[in-house]
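Protein chains in written order, with my numbering: chain A, -10 to 320; chain B, 32 to 287.
Working notes, beginning with the structure itself.
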Amino acid sequence: MYAQQVDTGAKRLKNLEEMSPEERHFQEKVDAEVRIEPKNWMPEGYRKTLIRQISQHAHSEIVGMLPEGNWLTRAPTLKRKLQLMAKIQDEAGHGLYLYSAMETLGADRDEEIEKLHRGEVKFSSIFTYPTLTWADMGAIGWLVDGAAIVNQVPLQRCSYGPYARAMIRVCKEESFHQRQGYEILLTMMREGTDEQKAMVQDAINRFWWPSLMMFGPSDANSPNSAQSMAWKIKRHGNDELRQRFLDQTVPQLEFLGCTAPDPDLKWNEETGHYDFGEIDWQEFFDVLKGHSPCGIERIQQRKSAIDEGRWVRDAAVAYARKQEQKAKSAA
Amino acid sequence: MTNAFSDTRNALAEYLLRLADTDMVLAQRLCEWCGNAPALEEEVAMMNVGLDLLGQARNWYDYAAELLDDGRDADHLAFRRNEREYRNLLIAEQPRGDYAVTTAKQFLFDVWHHLVLSRLTESGDERIAAVAAKALKEATYHRRRSTEWMLRLGQGTEESYRRLSDAVQNLWRFTYELTDTDALEDRLAEAGIGAGNVGDAWRTEVARVFSEAGLEQPEPARHFYMDGKNGKHTEHLGFLLAEMQYLQRAYPDAIW
């Protein structure tokens, strides 16, 4: 998931009787699947939760450009270079309209970005992993965008209108990215040399578990999840989404002719799902705490882009102001 | 096949490689901005320009590969030729520098590119005319965008003015390639195929924008040993190609 462990500020859920009349009216709208729009009244907790979730989602799109950017100048063919540029451009676009959706809630893009750079808010754990070979571009498209889609499809029905609508466009583009990623791997497996095939398997070995971690730990007993579900920001539990992702991914893995780095992965006739091994949650929590392969580098790069670009933005503002004055004095 | 025909064919392929390599190298420099742009909007815009240029490069390479007809395809031409075989304009290969350098570089190129593509839409070679017609729409936007940034940086703050002036001063020496043509270009222009010399129109337009941006008008640049169109490059190109061509060089027969 691009937004992990979002704090709702809730210790437990309120029932309708405990709510103020405004809150009750709001909850009834949500329950009736009526979209909440920016000018509608909303509980402060709902607003804050959405700001946290959408900003984390937007930051992840932007930071997520970096592991792919690492291979952009080394893409192997004209076609692959064009595809990767277009994908990264889409991600910057996703970031932009997610920040816009967030701003409808009264948050400020620049402030939220500064919080990211100060380490006060997170981006998705997956983007702290390094991209070591070209096959990683395929693995990210297939697994990471694949996991993101499983998470974001339900968000198209999120109770908050601007976020839900942003998700519709994002999902469409990410499905396209996922197919492209898979096609990168399939080409290498079908037409590639032994070295290339080994590259694919290595990329899958490295990205398999981190992709499953994207959904976050089990949230069965989490008050944050219960609150997000009551507000219909979230529609499914983390484990349910993880299982959905796994069930759709394993047949694709077999079709590639590759394996997962999980000896416990097998089809379960009884449940109709794949069983899988224990996830190393210690790694996940370490990554969230900043003890991660490239977390420091990712933030440093984002921060230096914004810091070094300050004079450019200042120039644009100064120019716009001068143009305004000119227009005024001409009038 | 007569010798004259084969000569024209080779000359045309050479001309197309100049266009393709210039687009390719500029797109590569724009890729270097990924994740480093001064604002998110500029990430999108620069990638957009890069995509346009790379798409154009592919079209020119495809045609060049057909004319050369020696078994090399577009990817081979882009990723397997070395720096002495590359035909791009020198200005394209200059390091991306800060945003002022990239702005000045794109602007000086965009004015030239727009003029060249305009003429190529009238080319007697239908394939060239068709590619140019599509590319011209993109180049029109590129020129408008980089012109706007020239004005913003030129008239923005003291710092942006200083950085832009420095960038122009550094890049200006390579602009003789935009105003001069060599025998091959003249010959193709006479045959009604190439764009020929756009130097006068380029100087006029650049002077107009420089004056609006408050920039000093430098003396015309003079040829000085380097000759990108004939494979005599600055030292920067070798490193750019080493990075760009890494996978094709390391795994020459691999399919990606």
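Virtual Cβ for every residue (Gly too), placed ideally from N, Cα, C.
Sorted by chain position, which residues of the same chain lie with C-beta nearer than 8 Å to residue i's C-beta, five sequence neighbours on each side aside?
i: Ala209 (chain A); result: Gly226, Asp228
i: Gln248 (chain B); result: Ala238, Phe241, Ser242
i: Gly34 (chain A); result: Thr(-3), Gly(-2), Ala(-1), Gln216
i: Ala96 (chain B); result: Arg103, Asp104, Ala105, His107, Leu108
CB-CB under 6 Å to residue i, same chain, minus the five flanking residues each way: which ones, in chain order?
i: Asp83 (chain B); result: Glu169
i: Gly284 (chain A); result: Thr117
i: Trp91 (chain B); result: Leu47, Leu50, Ala51
i: Ala47 (chain A); result: Gly84, Leu87, Tyr88
i: Asn113 (chain B); result: none
i: Ala96 (chain A); result: Ile40
i: Glu101 (chain A); result: Ser44
i: Gly266 (chain A); result: Asp251, Asp253
i: Ser49 (chain A); result: Tyr(-9), Phe112, Ser113
i: Ser318 (chain A); result: none
i: Ala166 (chain B); result: Gln87, Leu148
i: Gly227 (chain B); result: Ala220
For residue i, collect the residues of the same chain with a Cβ closer than 7 Å to its Cβ; drop the 5 residues on either side in sequence, then sort them by chain order.
i: Thr33 (chain B); result: Residue placement at Thr33 (chain B) is flagged as unreliable, the pLDDT there being 49, under the threshold of 50; a coordinate-derived value is accordingly withheld.
i: Gln186 (chain B); result: Ala244, Gly245
i: Glu63 (chain B); result: Arg127
Anyone know if the C-beta pair for residue i and residue j falls short of 8 Å?
i: Ala128 (chain A); j: Ala192 (chain A); result: yes
i: Met202 (chain A); j: Ile173 (chain A); result: no
i: Leu343 (chain A); j: Phe196 (chain A); result: In the structure displayed, chain A extends from -10 to 320; residue 343 (chain A) sits before or after that span and is not available.
i: Gln137 (chain B); j: Leu271 (chain B); result: no
i: Gly181 (chain A); j: Ala285 (chain B); result: yes
i: Pro27 (chain A); j: Pro151 (chain A); result: yes
i: Met178 (chain A); j: Gly246 (chain A); result: yes
i: Gly230 (chain B); j: Leu121 (chain B); result: no
i: Arg312 (chain B); j: Gly262 (chain B); result: Only positions 32 to 287 of chain B appear in this structure, which leaves residue 312 (chain B) out of reach.
i: Leu219 (chain B); j: Ala42 (chain B); result: yes
i: Leu73 (chain A); j: Ala64 (chain A); result: yes
i: Met188 (chain A); j: Ala124 (chain A); result: yes
i: Thr53 (chain B); j: Ala135 (chain B); result: no
i: Glu236 (chain B); j: Val132 (chain B); result: no
i: Asn140 (chain A); j: Leu230 (chain A); result: yes
To the nearest angstrom, how far is the alpha carbon of residue i from that of residue j?
i: Asp303 (chain A); j: Thr188 (chain B); result: 7 Å
i: Arg280 (chain B); j: Leu139 (chain B); result: 32 Å
i: Cys160 (chain A); j: Leu146 (chain B); result: 40 Å
i: Leu268 (chain B); j: Trp233 (chain B); result: 25 Å
i: Val239 (chain A); j: Arg150 (chain B); result: 54 Å
i: Leu184 (chain B); j: Thr178 (chain B); result: 10 Å
i: Pro56 (chain A); j: Ala222 (chain B); result: 48 Å
i: Ala153 (chain A); j: Ile25 (chain A); result: 10 Å
i: Arg296 (chain B); j: Ala164 (chain B); result: The structure shown does not extend to residue 296 (chain B), since chain B is modelled only from 32 to 287, so the question has no answer here.
i: Ala309 (chain A); j: His106 (chain A); result: 27 Å
i: Leu71 (chain A); j: Arg89 (chain B); result: 10 Å
i: Gly66 (chain B); j: Arg204 (chain B); result: 30 Å
i: Tyr263 (chain A); j: Tyr282 (chain B); result: 37 Å
i: Ile159 (chain B); j: Trp287 (chain B); result: 29 Å
i: Gly53 (chain A); j: Asp134 (chain A); result: 10 Å
i: Asn29 (chain A); j: Met8 (chain A); result: 17 Å
i: Asp217 (chain B); j: Gln312 (chain A); result: 43 Å
i: Gly58 (chain A); j: Leu121 (chain A); result: 12 Å
i: Ser328 (chain A); j: Lys223 (chain A); result: With chain A covering only -10 through 320, there is no way to say anything about residue 328 (chain A).
i: Val142 (chain A); j: Asn257 (chain A); result: 26 Å
i: Tyr171 (chain A); j: Tyr277 (chain B); result: 23 Å
i: Ala161 (chain B); j: Thr152 (chain B); result: 7 Å
i: Thr171 (chain B); j: Gly298 (chain A); result: 26 Å
i: Asn201 (chain B); j: Ala316 (chain A); result: 34 Å
i: Val75 (chain B); j: Leu67 (chain A); result: 19 Å
i: Arg233 (chain A); j: Arg69 (chain A); result: 29 Å
Measuring only from the beta carbon, is residue i closer than 7 Å to any heavy atom that is part of the ligand COA?
i: Glu169 (chain B); result: In terms of ligand content, the structure shown is empty, and the ligand COA therefore cannot be addressed.
**Message:** Against chain A, which members of the segment 125 to 147 of chain B pass a CB distance test of less than 7 Å?
**Reply:** Shown in chain order are the members of the segment 125 to 147 of chain B whose Cβ falls below 7 Å from a Cβ of chain A: Tyr130.
**Message:** Please give the ranges of any alpha helix (DSSP H) in the segment 97 to 142 of chain A, keeping only runs that are unbroken, at least 4 residues long and fully inside the region.
**Reply:** As for any alpha helix (DSSP H) of minimum length 4 sitting wholly inside the segment 97 to 142 of chain A, the runs are 98 to 106, 124 to 128, ordered along the chain.
**Request:** Report the residues of the segment 151 to 162 of chain A with a CB closer than 8 Å to any CB of chain B, ordered along the chain.
**Result:** Within the segment 151 to 162 of chain A, contact with chain B at the beta-carbon level (separation under 8 Å) is assigned to no residue.
**Item:** Residues, ordered as in the chain, of the segment 277 to 297 of chain A that lie near chain B by beta-carbon distance below 8 Å
**Value:** Here the close residues are Gln290, Arg291, Ser293, Ala294, Ile295, Glu297.
**Residues in the segment 182 to 216 of chain A having any Cβ partner in chain B nearer than 9 Å** = Across the segment 182 to 216 of chain A, CB contacts with chain B closer than 9 Å involve Thr182, Glu184, Gln185, in sequence order along the chain.
**Request:** Give the residues from the segment 98 to 118 of chain B that approach chain A closer than 9 Å (Cβ to any Cβ), ordered along the chain.
**Result:** Per Cβ criterion, the list reads Ala105, Asp106, Ala109, Phe110.
**Prompt:** Taking Cβ-Cβ distances below 7 Å as the criterion, which residues of the segment 64 to 93 of chain A are in contact with chain B?
**Reply:** Answer in chain order: Pro65, Thr66, Leu67, Arg69, Lys70, Leu71, Met74, Ala75, Ile77, Gln78, Ala81, Gly82, Gly84, Leu85.
**Message:** Please list, in chain order, the residues of the segment 301 to 317 of chain A that have any C-beta partner in chain B closer than 7 Å.
**Reply:** Residues passing the 7 Å Cβ filter: Val301, Arg302, Asp303, Ala304, Ala305, Ala307, Tyr308, Lys311.
**Request:** Ignoring anything shorter than 4 residues or poking outside the segment 108 to 139 of chain B, list the alpha helix (DSSP H) runs there in chain order.
**Result:** Correct list: 121 to 124.
**Request:** Kindly provide the ranges of any alpha helix (DSSP H) runs that are 4 or more residues long and lie completely inside the segment 144 to 221 of chain A, ordered along the chain.
**Result:** Listed in chain order, the complete alpha helix (DSSP H) runs (minimum 4 residues) inside the segment 144 to 221 of chain A are 150 to 180, 183 to 202, 212 to 219.
**Asked** What runs of the beta strand (DSSP E), each 3 residues or longer, lie entirely inside the segment 17 to 73 of chain A?
**Response** None, since the segment 17 to 73 of chain A contains no complete beta strand (DSSP E) of that length.
**Prompt:** Name the residues in the segment 212 to 238 of chain B whose C-beta lies less than 9 Å from a C-beta of chain A; which are they?
**Reply:** For the segment 212 to 238 of chain B, which is checked against every Cβ of chain A, not one residue is closer than 9 Å.
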